[in-house]
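Below is one structure, written out as structure tokens; the observations come after it.
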Amino acid sequence: MTAADLDWNKITVPVELPEVVDHISYQRVVENAGATWDYFPGHFDPGYAQSQGNPTIYVNTMHLAGFADRVATDWAGPSSRVVRRSMRLAGSVYAGDTMIGRGRAVAKRQDTSVHPPRCLVDIQIEVSNQHGALCCPVELTLQIPESA
Amino acid sequence: MDRDLSYRLTFGTYDDALRLVGATSEPRTAATAVSGARIQLFAAMVHDGNRSYWDAEFARRKWGGLLAPPAMLMGWLIPPPWEPGGRPPAASIALRVPLPGTTFINAANDVEFLAPIIEGDVLTVVEQLVSVSPEKQTRLGVGHFVETLETYRRQDGTMVATCRNTLFRFTPGAAS
């Protein structure tokens with residue numbers, strides 16, 4: 759379910775975003791290969807993943823990015839757009855894990871280098887697993903509409 | 014199992030790799046246009062109900078068509094898992110850097126989305142090898158960090174995204 763659109767003028771920072779929790783089954787990991795055509799064997803072949811030193815198959819960068827984007831746009835609404843995302847793959851999310859996404863909007867700014875100026879919100883997101891390990895710290899910037 | 018075909022890495026020494034730093038790939042154009050079906054397959058995989066991906070009328074008014082999930086950017090340039098007439102060359106310049114490591118895992122990804130990408134767009138990417146680190150030991154094994162810069166344009170030449178990616182090319186093994 760997607761929230762209604764937020765108005766940039768009415769956002770105060772800092773503010774916590776609603777937490778998003780998602781259980782990642784084997785099917786979900788394999789769905790990713792089908793959706794993105796990323797058939798690197800670490801994403802569908804447990805034997806290959808183990809040969810790399812992993813316990814089993816793991817989600818790819820695009821899935822983690824999509825989860826982070828979902829944390830941001832579930833909050834801001836479908837008229838917002840991700841204009842920048844910086845993520846570090848600190849630890850893997852394996853089939854059977856649960857991803858927990860916690861976001862915090864930390865700054866509001868207007869980009870006046872373009873016309874009309876863009877209304878932006880900077881968000882920090884942490885994607886952790888069910889053990890509390892930080893798997894993926896993310897810095898993300900949303901462009902959000904403002905009311906006329 | 015075609016893993017050897019799909020992910021045939023180029024092997025060599027660190028010095029071989031350094032000689033390629035700064036190299037830029039020929040432009041590669043996506044095999045298929047951005048499509049609503051793939052947008053929704055990805056959104057379904059992420060469990061993302063964003064109307065920009067699902068509500069064609071809303072998306073047409075807001076973006077000019079169904080919006081490609083920003084997270085899917087790299088996926089549009091991955092060749093399909095099979096094509097008539099044999100496979101195209103390995104997808105990314107990052108995999109063709111000559112190094113000793115037998116496998117790889119992604120380490121960092123930094124993207125700017127300059128303009129919305131919507132259904133019907135056909136993307137072309139140019140990749141540049143930015144840097145290759147000296148040998149590093151991590152919990153996964155010994156290897157090198159390979160940094161690339163990808164520039165994505167749509168069919169009218171507009172630059173829609175730039176992506177700086179770092180992967181770790183390594184040989185698995187416990188710390189020595």
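If you're matching them up, the sequences are chains D and C in order.
The opening residue of the first sequence carries number 759 in the numbering used here; numbering runs sequentially from there.
The opening residue of the second sequence carries number 14 in the numbering used here; numbering runs sequentially from there.
The beta carbon of each residue, even a glycine, is placed where N, CA and C say it ideally should be.
Can you give me the Cβ contacts of D:Ala807 inside the same chain, cut-off strictly under 7 Å, excluding the 5 residues immediately before and after it?
Contacts found: Gly800, Thr814, Ile815, Tyr816.
Using a C-beta to C-beta distance shorter than 8 Å, which residues of chain D count as neighbours of C:Phe71?
Under the 8 Å cutoff, chain D gives Pro836.
With a 10 Å radius around its C-beta and 16 neighbouring C-beta atoms as the bar for buried, classify C:Pro147 as buried or exposed.
The residue is exposed, with fewer than 16 neighbouring Cβ atoms inside 10 Å.
Just checking my contact of D:Ile902 with D:Asp855 at CB under 8 Å: how many whole Å lie between their CB atoms?
Incorrect: roughly 31 Å between the Cβ atoms, too far for contact.
Work out the CA separation of C:Pro185 and C:Asn119 for me, nearest whole Å.
Distance between the alpha carbons of C:Asn119 and C:Pro185: 14 Å.
is_contact[D:Gln810, chain C] using C-beta, thresh 8 Å
Using a CB distance cut-off of 8 Å, D:Gln810 counts as an interface residue toward chain C.
Buried or exposed (CB count within 10 angstroms, at least 16 for buried), D:His889:
With fewer than 16 other Cβ atoms within 10 Å, it is exposed.
Taking D:Met845 as part of the beta strand (DSSP E), name the residues at either end of that continuous run.
Run containing D:Met845: 839-846, per the beta strand (DSSP E) assignment.
What first and last residue would you give for the alpha helix (DSSP H) that runs through D:Leu900?
Segment 892-901 is the beta strand (DSSP E) holding D:Leu900; no alpha helix (DSSP H) there.
What does the alpha-carbon distance come out to for the pair D:Leu900 and C:Val135?
Whole-angstrom Cα-Cα distance: 24 Å.
Cβ neighbours of D:Thr734 in the same chain (closer than 7 Å, five flanking residues each side left out):
What the structure shows of chain D is the stretch from 759 to 906, and residue 734 of chain D is not part of that stretch, so it cannot be assessed.
I want to know whether the segment 45-58 of chain C touches the segment 777-793 of chain D - three or more CB-CB distances under 8 Å.
Taking 8 Å as the limit for Cβ pairs, the verdict is that the segment 777-793 of chain D does touch the segment 45-58 of chain C.
Chain-ordered chain C contacts of D:Asn790 [CB-CB under 7 Å]:
Residues of chain C with a Cβ closer than 7 Å to the Cβ of D:Asn790 are, in chain order, Met58.
What are the residues in the segment 32-48 of chain C lying within 8 Å of chain D by C-beta distance?
Hits within the stretch: zero.
Under a Cβ-count criterion, where at least 16 other Cβ atoms within 10 Å of its own Cβ denotes burial, should D:Asn767 be classed as buried or exposed?
Around the beta carbon of D:Asn767, fewer than 16 other beta carbons lie within 10 angstroms, which makes this residue exposed.
Just list the alpha helix (DSSP H) runs in the segment 50-132 of chain C, keeping only unbroken ones of 4 residues or longer that don't cross its boundaries, in chain order.
Correct list: 64-67, 69-76.
What three-state label does DSSP hand C:Thr45 in the structure shown?
C:Thr45: coil per DSSP, three-state reduction.
Please compile the residues from chain D whose C-beta is within a distance smaller than 9 Å of the C-beta of C:Val124.
What C:Val124 touches in chain D: Ala823, Val840, Arg842, Arg843, Ser844, Met845.
Looking only at its own chain, which residues have a Cβ that is under 8 Å from the Cβ of C:Val47, when we skip the five neighbours before and after it?
Counting only Cβ-Cβ distances below 8 Å, and skipping sequence neighbours, we find Ala81, Trp89, Ile130, Ile131, Glu132, Gly133, Asp134, Val135, Leu136.
At a cut of 8 Å, does the segment 156-167 of chain C reach the segment 110-125 of chain C through at least three beta carbon pairs?
Output reads yes: the segment 110-125 of chain C touches the segment 156-167 of chain C.
When the distance is taken between beta carbons, is D:Pro776 closer than 8 Å to C:Ser65?
No, these two residues do not count as a Cβ contact at 8 Å.
Can you list, in chain order, the residues of its chain whose CB lies under 7 Å from that of D:Pro875, leaving out five sequence neighbours each side?
For D:Pro875, the CB contacts under 7 Å within the same chain, skipping 5 residues up- and downstream, are Gln868, Asp869 in chain order.
Integer Cβ distance of D:Val879 from C:Phe126, believed to fall under 8 Å
Not a contact, Cβ separation roughly 15 Å.
Going along the segment 849-865 of chain D in order, which residues come within less than 7 Å of chain C, judged by CB to CB distance?
Going along the segment 849-865 of chain D in chain order, one finds no residue with a Cβ nearer than 7 Å to chain C.
Please name the residue, chosen from D:Ser886, D:Gln785, D:Ala834, D:Thr819, that lies closest to D:Asp765 on a Cα-to-Cα basis.
Comparing Cα positions, the closest option is D:Ala834.
So the alpha helix (DSSP H) D:His821 belongs to, where does it begin and stop?
Boundaries of the alpha helix (DSSP H) around D:His821: 819-834.
Out of C:Asp28, C:Arg166, C:Lys149, C:Gln150, point me to the one whose CA is closest to C:Val138's CA.
Of the residues C:Asp28, C:Arg166, C:Lys149, C:Gln150, the one whose Cα lies closest to the Cα of C:Val138 is C:Arg166.
Below 8 Å on the Cβ atoms is my guess for D:Cys877 versus D:Leu847; work out the distance and round it to an integer in Å.
About 30 Å; that fails the 8 Å criterion.
List, in chain order, every chain D residue whose beta-carbon is nearer than 7 Å to that of C:Met87.
Correct list: Met820.
Cutting at 8 Å between CB atoms, please list the residues of its own chain near D:Val773, excluding the five before and the five after it.
Excluding positions up to five away in sequence, the list reads Arg862, Ala863.
Run of the beta strand (DSSP E) containing D:Ser886, from where it starts to where it stops
Residue range 876-886 is occupied by the beta strand (DSSP E) that includes D:Ser886.
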